[in-house]
Each structure stands twice: as C-alpha cells, then as structure tokens.
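Since the structure comes first, as structure tokens, the remarks are kept for the end.
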Amino acid sequence: MARRSSRSLISRYGADTAFMTFVALLMAFLYVPIWVLITFSFSSSRSLTWPIPGFTLDWYRKLFANADLQTAVWNSFYVATFATLLALMVGVAAAMALHRYDFPGKTLFRRLILLPITLPGIVTGISMLNMFSLFGFPLSLETVIFGHATALLGVVVTQVYARLQRLPRSLAEASGDLGATPLRTFLYVTLPNLRSAIIGAGLLSFVLSFDEIPVTFFLTGRDNTLPMYIYSTMRRGVTPEINAVGTLIVLASLVLIVISVVVTRDKRS
Amino acid sequence: MTLLRRHLAGVLVLGIPLAWIVIFMLVPYAIIGTYSFWTKTYPTFQPDFQFGNYATLFTDPQYLQVLLRTLKISALVSVASLALAYPFAYWLVFRCRSAGVRTWLYMAVIAPLWVSYLLRAYIWKTILGTEGILNSFLMWAGFTDAPSDIFLYNQFAMILTLTYIFIPFMVMPIYTALERIPPNLAEASADLGQTPWQTFRKVTLPLSTPGIAAGFTLTFCLSFGDFIAPFLVGGPDGNLIAGVIQTQFGSALNWPLGSALSIVMLVIVLSIVSLSDRLERSSRIGAH
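From first to last, the protein sequence lines are chains A and B. Per the working numbering, residue 1 is the first one in the first sequence, and the count goes up by one each step. Per the working numbering, residue 1001 is the first one in the second sequence, and the count goes up by one each step.
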C-alpha cells in the first residue's frame, strides 16, 4: 500500500513537471515572437539578423516623420470610433431584443447576428462591396465603417447578452411596478447595470476594428487605414520600421488590456 | 400613450438590428448569390442562370485542389490548436493551485488577441524567412553554414502561423467548458475506484465536448477564410480559397466565379456552425 501511494506520488509529481514544462513552452511560443518584434525595432541594421549589431531609435524617428503613416493612423481612429459606436447601438438593441422578446424566427435572428464572428471577413467584405457597387455607392472610409460595424455586431451582442442574462429580471420588473416607462427603466436601471459589459465590448470592438484587414481591403476607396498601410508596406518587403510600428501597437494594446481589466473588475466588487 | 411607447420601444429594439441584418447581410448575400449564376463575357459579366461557375469549382482540378488544401490546412490548424489548448486549459482549471497564477496565465493566452492580427502573422515571416531571424540565429550558433529557405513559404509555416494567431479562440471555450464541470464529479469518480486517466476519459472529456466543438468551429472557420497570413508566409503552394476569391475580384476580374466561391465558403461555414450548435445542444440534453 505504501509503495503504491509513493509511486502515485511520483507519477503525480512527474505529471506536474510535465504540465509545467508544457505551459512554459506554450508561453514561450506565444511571447518569444513578440519580444523578437520589439527587440528588432531597436536594431541598427536594416536586415533582421542575429545578433543585433547595435541599438538605434532611427526607425521610430522615421515613423514620426512619415506623413502617410500618420494619415493612416488618423483614418483608423476615425473608422474604429464610428464602427464601434454603430456596433454598440445596434448590438445593444439586438441583445435586448434577444433577451426580452419572443418572436417568430428568433433562432434565425440570433444565428444571423452572430454569424460574422465565424464568417470569414472576406465574405462580409466581398458581399458588401458588391452591394455598394450595384447601388452606385462610392467606396470610402464610410463604407468601411458600415462593414466593420456589421462584422463586429456579433462581438457586442455576445458580451452584452451574457451580462443581461446574469441580471436579475426583478430589477426591471420593480422599476415597471414603480411606474417607470420601459424607456426610463432601460436608461436608469438596465443601462447602468450593463455599463461595464458595454465598455468592455466597445474596447474590444475598437481594437478589432483598428486592426481589421479583410473587410477594409474590399470596402476602402483610396484611403488607407493603419493595418492596410502596414500590409502594403509588408508586400514590398520586411523593414525594421514595421517592427517599430508593431512595438507601438503592442504598447497601445497593453494599455487597452489594462483599461479593460480595470473597467470590468470594478463591477465585480 | 404608454402602450404606444411600449410598442415603439419594442419596434426600435427589434427593428434596428433587423433592418441592419437585412440591409448589410441578407441583401449583400443575395447579390453575390445572384452573381454566382451569371456568365463571364470578357471584360464584363452578363445576367444569366446557369450552374457553370459551380461546375467549374468542383471539376476544374485547379479550384478543387485549392478547396481541399484549404480544408486540410484549417483542419490541421484546429487539431494543432486543440493539442496545445486542451492540456493548457486542463492544467489551469484542475491542476493549478493558485487562483492568481490561473488568472494571469489565462489572460496571457487571451491577450495576443488584442495585439494586431497582422503583426502576429508578420512576425513569423521575419522569423522564418531566408534572411530571417531563425536562419541568422542558427548560423550564429553554428548549426548551419548557409541560410536555408526551408522554413518559410510552405504549408508548415502556414499552419504554424495560423495556429499562433487563432489559439486563443480554442483556449477560451475549452476553459469555460472545463470550469463549468463540478469538481465533485471527479472526486466521485475517484471514490468509485477510477484512475485519473479513466476519470478524464469518462467524465471530464465528454463534459468538455461543447467547448471543444466551439473552439474547433472558431479556429476552423477563421483559418478557412484567411488570406493575409497565407499570403505572407504561405508562398506559391499556400494559395487558399480566400486568396482565390480575392484574385477573382481583383486581377482575374471574374466576379461570377468569385461570388460562387464566396457562396461555397458561406455554405461551408454555415454547415459547420449548425453542426457544432447541434452537437452542443445534444450534449446539453445528455447532461441533464
């Protein structure tokens, strides 16, 4: 008996070590490439060779002098802001509809609105491109906004709907019993309770829109968003400037992650 | 008045998303659906109703090959993600004793989703390329004498990159599914004399199937429709179906064929989603 338990202790210890090693390797797989990106943004050599010959900030200096890049960043901010706002407006309404009402075709409605999460962006992009060109709508940043909002609806609906389901129904009922109209109940009872879910969904939508290529690729006119600009630079070859932009993007993402963690945590207490 | 207001709220709440779905999804899908039956008469297209475009897709080896290759690559990416994500999620939920470590590691796997998708594809191009970091590292360390081109522009590079990009989508649903399993089930199973492996196979694994199905659906569909990463790291034999669609709407200027391909993609994604929906529902019914 004693021998058996000691053997199981050893096998358990072995399993733990194996798992730890595996987790460490997985983390290395996920994060070593990101460190490589950051490291090479400071490399003084134009080619990406190891070891790094020297340290420089030239690539960053070049970025800040690059007018095309700055326009692209500005365009991305414009697109991501309005796409997020639209996706939030439509998405919160859709989540409310799914939560509150029963109507014929509800399953189909839910499935359609969640479809763009799994549907490759290229289908959204191509089909909307065809529609816009059929109806004689010129392609612009605004058509990109509609494309992004459509692609992001599912993200907003999933997050807001999940929160709605955790809200006790009695809150809205109490508000109704006290004579509040549905609109007032929504504005003063439901919406404040959804606040962190909406902010979280909004941040995620913003990041995804800021980063989006497949839909943008087909729906943009002459204007470039940041990822489109980076993509077209990449096609010409690999440069440390891309690493420098990339490092700044990683930094910005980090800030947004921290914000989203803080925002979604304050509700839990 | 109140009745009208109540009605109005309902109309708005349901009407706005409904209108959005119709205008920006159903109408566009209907349009490409229509185009897919048109004929290409260089340099434009003619309204028609014929199945020639679909026939081309399934008989011309050029397209069939790409379709099969895309299915193969997405399946391999999903399997690779599953192989990495499942043990990780399992360890986090059942073996990791510190709640803090659990939260941090989970966040660490999800966080890359917030970092540009394009960058995550590009990084592997810089690592694996002939003049890339891996080659110069191997030469610096004395493993090789000359840079090798075996790392980039092949299907392995594509699978590696896509797995790297989409693995968070596998971890999230599996983690959620495993977290929902009450720990006393495993205890009960152990009390009944089952070994940990038997418990895993007969209790944990079946209960986590919905998570696996959801993760598989996401990683499969996302890699199935990707054309950026394959372009960056895939090389000549890395042309996937989305790349072909892009060409039809670009240089090849064959919108009817491109539309037919998009419809095929739409149908494949829809079937996978409804299959995984059904699987999830049946396992939920089985659990109760």
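For glycine and all other residues, C-beta sits at the position ideal for the given N, C-alpha and C.
For Thr1041/B, the residue or residues it bridges with in DSSP = Thr1044/B
message = So with CB distances below 9 angstroms, who are the chain A contacts of Ile1280/B?
response = The amino acid at residue 1280/B is misidentified as Ile; the sequence shows Glu. Near Glu1280/B there are no residues of chain A at all, since even the closest Cβ is about 13 angstroms away, more than 9 angstroms.
message = Please classify Ser269/A as buried or exposed, where buried requires at least 16 neighbouring CB atoms within 10 angstroms.
response = Low confidence applies to Ser269/A: its pLDDT is 41, below 50, so where it sits in the model is not reliable, and the reading given next is rough at best. It is exposed - the Cβ of Ser269/A has fewer than 16 other Cβ atoms within 10 Å.
key: Residue of Leu191/A, Thr124/A, Met89/A minimising C-alpha distance to Ile1263/B   = Thr124/A
query = When the cut-off is 8 angstroms and only beta carbons count, does Val250/A lie next to chain B?
reply = yes
query = So, does the CB of Ser269/A fall closer than 8 angstroms to a CB anywhere in chain B?
reply = Annotation note: pLDDT 41 at Ser269/A (below 50); position unreliable, no value reported.
query = So, is the C-beta of Tyr101/A closer than 8 angstroms to a C-beta in chain B?
reply = yes
inquiry  = Just to make sure I have the definition right: I need the residues of chain A whose C-beta is within less than 8 angstroms of the C-beta of Leu1105/B. Which are they?
reply    = Val23, Met27
ask   = Would you say Val1273/B reaches chain A, if we count a Cβ-Cβ gap shorter than 8 angstroms as a contact?
value = yes
message = Using the three-state DSSP reduction, which class does Phe1049/B fall into: helix, strand or coil?
response = coil
ask   = Of all the options Gly14/A, Arg46/A, Tyr60/A, which has the alpha carbon lying nearest to the alpha carbon of Gly54/A?
value = Arg46/A
inquiry  = List, in chain order, every chain B residue whose beta-carbon is nearer than 8 angstroms to that of Val144/A.
reply    = The premise fails here: Val144/A is roughly 13 angstroms from chain B at the closest Cβ pair, so nothing lies under 8 angstroms.
task = Starting from Asn1135/B, trace the alpha helix (DSSP H) both ways and give me its first and last residue.
result = 1133-1140 is the extent of the alpha helix (DSSP H) around Asn1135/B.
ask   = To which residues of the same chain is Glu241/A closer than 7 angstroms at the C-beta, ignoring the five residues directly before and after it?
value = Cβ neighbours of Glu241/A beyond the five flanking positions: Trp59, Lys62, Leu63.
ask   = Are Ala83/A and Ile145/A close, meaning C-beta to C-beta below 8 angstroms?
value = For Ala83/A and Ile145/A, yes; Cβs fall inside 8 angstroms.
key: Segment limits, alpha helix (DSSP H) that includes Arg111/A   = 106-118
Whole-number beta carbon distance between Val23/A and Trp1091/B, since they are thought to touch under 8 angstroms = Yes, Trp1091/B and Val23/A are in contact; Cβ-Cβ is about 6 angstroms, under 8 angstroms.
ask   = If you scan the region 1010-1094 of chain B from start to end, which runs of the alpha helix (DSSP H) of 4 or more residues do you find wholly inside it?
value = Entirely contained in the region 1010-1094 of chain B, the alpha helix (DSSP H) runs reaching 4 residues are, in chain order, 1027-1035, 1052-1059, 1061-1090.
key: Assigned exposure category for Val1101/B - 16 Cβ within 10 Å defines buried   = exposed
request  = Along the alpha helix (DSSP H) that carries Trp1114/B, what are the first and last residues, could you check?
outcome  = No alpha helix (DSSP H) contains Trp1114/B, which DSSP labels as neither H nor E.
request  = Compare the C-beta of Phe19/A against all C-beta atoms of chain B and say whether one is closer than 8 angstroms.
outcome  = yes
ask   = What three-state label does DSSP hand Phe55/A in the structure shown?
value = Phe55/A falls in the strand class under three-state DSSP.
message = Against chain B, does Arg246/A count as a neighbour if the rule is that its beta carbon must be under 8 angstroms from one of theirs?
response = Reading the sequence as shown, one finds Gly at residue 246/A and not Arg. Yes, contact with chain B.
request  = Identify which residue in Ala1213/B, Leu1261/B, Ala1260/B has its Cα closest to the Cα of Ser1276/B.
outcome  = Nearest option by C-alpha distance: Ala1213/B.
message = So with CB distances below 9 angstroms, who are the chain B contacts of Ile259/A?
response = The premise fails here: Ile259/A is roughly 11 angstroms from chain B at the closest Cβ pair, so nothing lies under 9 angstroms.
request  = May I ask you to report which of helix, strand or coil DSSP gives Ser43/A?
outcome  = strand
ask   = For a contact meaning CB atoms closer than 9 angstroms, what does Val1244/B contact in chain A?
value = Going along chain A, no residue has its Cβ under 9 angstroms from Val1244/B, so there is no contact; the nearest lies around 10 angstroms.
Neighbour flag for Tyr1122/B against chain E, beta carbons, 8 angstroms = Given the protein chain composition of this structure (A and B), no chain E is represented.
request  = Mark Tyr1164/B as exposed unless 16 or more other C-beta atoms lie within 10 angstroms of its C-beta, in which case mark it buried.
outcome  = buried
request  = Report, in whole angstroms, the separation of the C-beta atoms of Gly1250/B and Asn1154/B, which I expect to be a contact under 8 angstroms.
outcome  = About 24 angstroms; that fails the 8 angstroms criterion.
ask   = Beta carbon of Ala1157/B, beta carbon of Phe1151/B: below 8 angstroms?
value = yes
ask   = When you compare each of Gln1065/B, Gly1033/B, Ala1083/B to Thr1219/B by their alpha carbons, which one comes out closest?
value = Ala1083/B
Own chain partners of Pro1256/B with C-beta closer than 7 angstroms, once the 5 adjacent residues on each side are dropped = Tyr1035, Ser1036, Trp1038, Thr1039, Lys1040, Phe1045, Asn1053
inquiry  = Can you find the residues in the same chain that come closer than 8 angstroms, C-beta to C-beta, to Met1172/B, ignoring five residues on each side of it along the sequence?
reply    = Ile1110, Gly1215
ask   = Roughly how many angstroms lie between the CA atoms of Thr81/A and Asn75/A, to the nearest whole one?
value = Straight-line measurement puts the Cα of Asn75/A at about 10 angstroms from the Cα of Thr81/A.
task = Please determine, among Met1265/B, Ile1181/B, Gly1258/B, Ile1133/B, the residue with the shortest C-alpha to C-alpha distance to Val238/A.
result = Ile1133/B
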